[in-house]
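Residue numbering for the sequence shown follows the numbering used here, beginning at -6 and increasing consecutively.
Virtual Cβ for every residue (Gly too), placed ideally from N, Cα, C.
Report on the following structure.
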Amino acid sequence: MREWVIGAAQMGAIQKRDTREAVVARMIALLDRAAASGCDLVVFPELALTTFFPRWYMEDQAEVDTWFEREMPNAATQPLFDRAREHRIAISFGYAELTPEGRHFNTSIVTDREGEIVGKYRKVHLPGHVEYDTGRDFQHLEKRYFEPGDLGFETFDNEGTLMGMCICNDRRWPETWRVMGLQGVELVMLGYNTPSVNSQNRGEGLEQRLYHSELSVTAGAYQNATWAVAVAKAGVEDGFPLMGGSIIVDPDGFVVARAQTEEDELITATCDMERCQFGKTTIFDFARHRRIEHYGRITSQTGVERQQ
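Written out as structure tokens, the structure is:
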């Protein structure tokens, strides 16, 4: 397929008490709405099955593990896969993954339109901290509960379209987009759970947060000539606000669809993958224009090193 009708399935708040089954029912309702709109692919948010549990400080690993999925699909999510297969809609969504070896990842998957998983990604750029931080208005403990992803930024041929994934904070790092761009990616799917305020800077509110999110996605799409779908889990979860702002972005970096609420909401766009080719063969023709002899610092150091 070279033209996809894509749905960004923003989700409203998921409370700590909400069951997986209740959340999946909401996802199926969005999927049914997408089918009525003629969608071929629906993208759901990061950690779509639960509340954003890294805001809670937990010392009991057994308690932590209750937020993780040991297999995918599983009993709770199988109805979502079944409905997607009935509609012949590919789906992508994020969840907390606990591997058979006992490793913990913030993960996203994508299926084909037959409901088969064709790609998996594990979040690389984990934000936040490990121990309880008294200097924050609220906690962000992804570094406590997850390992950095070990699968890299791979791309997947899904029915003739080259797709890639990233998650939340990954969108802010240009390396995320360029590594997929160097593989010829045509569609980047990403989910996020982003607080409406900065826990370390109360002056940075919703307007600034939305701007930075959109800037990251539109720049990444433009600089790599790819479609991008960025999907929020939004609303007030257990007293903590998450921003919305879900968007679909074209390969020229323009927003073609935008969510208007912080609730369960579907936005759609018809996305012609051939539109990626102009940028990939002109200003962002990497083979002609990149000068890798000058880029060594990108992979040889992490933190800032000032020249003497």
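TODO: Ignore the nearest five residues each way along the sequence and tell me which others in residue 149's own chain have a CB closer than 6 Å to its CB.
DONE: Counting only Cβ-Cβ distances below 6 Å, and skipping sequence neighbours, we find 111, 112, 156.
Open item on the list: Counting C-beta neighbours from all protein chains within 10 Å, is the total for residue 292 16 or more, i.e. buried, or is it exposed?
Closed with: Exposed.
Task: As assigned by DSSP and simplified to three states, the class of residue 32 - done: Coil, per DSSP.
Open item on the list: Among the candidates 261, 274, 104, 127, whose CA atom is the shortest distance from the CA of residue 86?
Closed with: The shortest Cα separation from residue 86 among 261, 274, 104, 127 belongs to 104.
Task: Cβ-Cβ separation, residue 72 to residue 313 (assumed contact under 8 Å), whole Å - done: Any property of residue 313 remains undetermined from this structure, which presents the chain solely from -6 to 301.
Task: Whole-angstrom C-beta distance between residue 108 and residue 68, which should lie under 8 Å - done: With 8 Å as the limit, residue 68 and residue 108 do not qualify as a contact, their Cβ atoms being about 16 Å apart.
TODO: Kindly indicate which three-state DSSP category residue 119 falls into: helix, strand or coil?
DONE: Of the three classes helix, strand and coil, the one that applies to residue 119 here is coil, per DSSP.
TODO: Would you be able to state if there are at least three C-beta pairs under 8 Å between the segment 178 to 196 and the segment 219 to 238?
DONE: Cβ pair count under 8 Å is three or more, so yes.
- [ ] Classify residue 278 as buried or exposed, calling it buried when 16 or more other Cβ atoms lie within 10 Å of its own Cβ.
- [x] By the neighbour-count rule (16 or more Cβ atoms within 10 Å), residue 278 is not buried but exposed.
Open item on the list: Can you list, in chain order, the residues of its chain with a C-beta nearer than 7 Å to that of residue 66? Leave out the 5 residues immediately preceding and following it.
Closed with: Apart from the 5 residues on each side of it in sequence, residue 66 sits with its Cβ closer than 7 Å to the Cβ of 74 in its chain, given in chain order.
Open item on the list: Let me make sure I understand the geometry here. Which of 240, 216, 231 has the alpha-carbon closest to that of residue 207?
Closed with: Selected option, being the one with the closest Cα: 240.
Open item on the list: Could you compute how far the alpha carbon of residue 44 sits from the alpha carbon of residue 9?
Closed with: Approximately 6 Å, taken between the alpha carbons.
- [ ] Have a look at the DSSP bridge pairing and note the partners of residue 97.
- [x] DSSP output for residue 97 lists 91 as bridge partner(s).
Open item on the list: Rounded to the nearest angstrom, what separates residue 82 and residue 126 at their Cα positions?
Closed with: Residue 82 and residue 126: Cα-Cα distance of roughly 42 Å.
- [ ] Determine the DSSP secondary structure at residue 215, reduced to helix, strand or coil.
- [x] Three-state result, residue 215: helix.
- [ ] Determine the burial state of residue 298: buried for a count of at least 16 other Cβ atoms within 10 Å of its Cβ, exposed for fewer.
- [x] So residue 298 counts as exposed.
Open item on the list: Below 7 Å, is the gap between the Cβ of residue 196 and the nearest heavy atom of the ligand FMN?
Closed with: With respect to the ligand FMN, the structure offers nothing, as it holds no ligand at all.
Open item on the list: Determine whether the beta carbon atoms of residue 181 and residue 166 lie at a separation below 8 Å.
Closed with: The Cβ-Cβ distance between residue 181 and residue 166 does not fall below 8 Å.
TODO: Locate the alpha helix (DSSP H) running through residue 259, then write down its first and last residues.
DONE: Per DSSP, residue 259 belongs to no alpha helix (DSSP H); it is in the beta strand (DSSP E), 258 to 265.
- [ ] Take residue 233 and list the residues in its own chain whose beta-carbon comes closer than 8 Å to its own, dropping the five residues that flank it on each side.
- [x] Once the five neighbours on either side are set aside, the close Cβ partners of residue 233 are 45, 48, 131, 188.
Open item on the list: If you reduce the DSSP assignment to three classes, tell me which class residue 47 lands in.
Closed with: Residue state, collapsed to three classes: helix.
Task: Inter-residue Cα distance where the pair is residue 177 and residue 211 - done: Answer to the nearest angstrom: the Cα atoms are 17 Å apart.
TODO: Could you tell me the boundaries of the beta strand (DSSP E) in which residue 234 lies?
DONE: Start and end: 233 to 235.
- [ ] Output the distance between the C-alpha atoms of residue 117 and residue 91, rounded to the nearest integer angstrom.
- [x] So the two alpha carbons sit approximately 16 Å from each other.
Open item on the list: If you measure between the beta carbons of residue 256 and residue 5, is that distance less than 8 Å?
Closed with: Their beta carbons are under 8 Å apart, which means residue 256 touches residue 5 by this criterion.
- [ ] Take residue 42 and list the residues in its own chain whose beta-carbon comes closer than 6 Å to its own, dropping the five residues that flank it on each side.
- [x] So the qualifying residues of the chain are 13, 16, 88.
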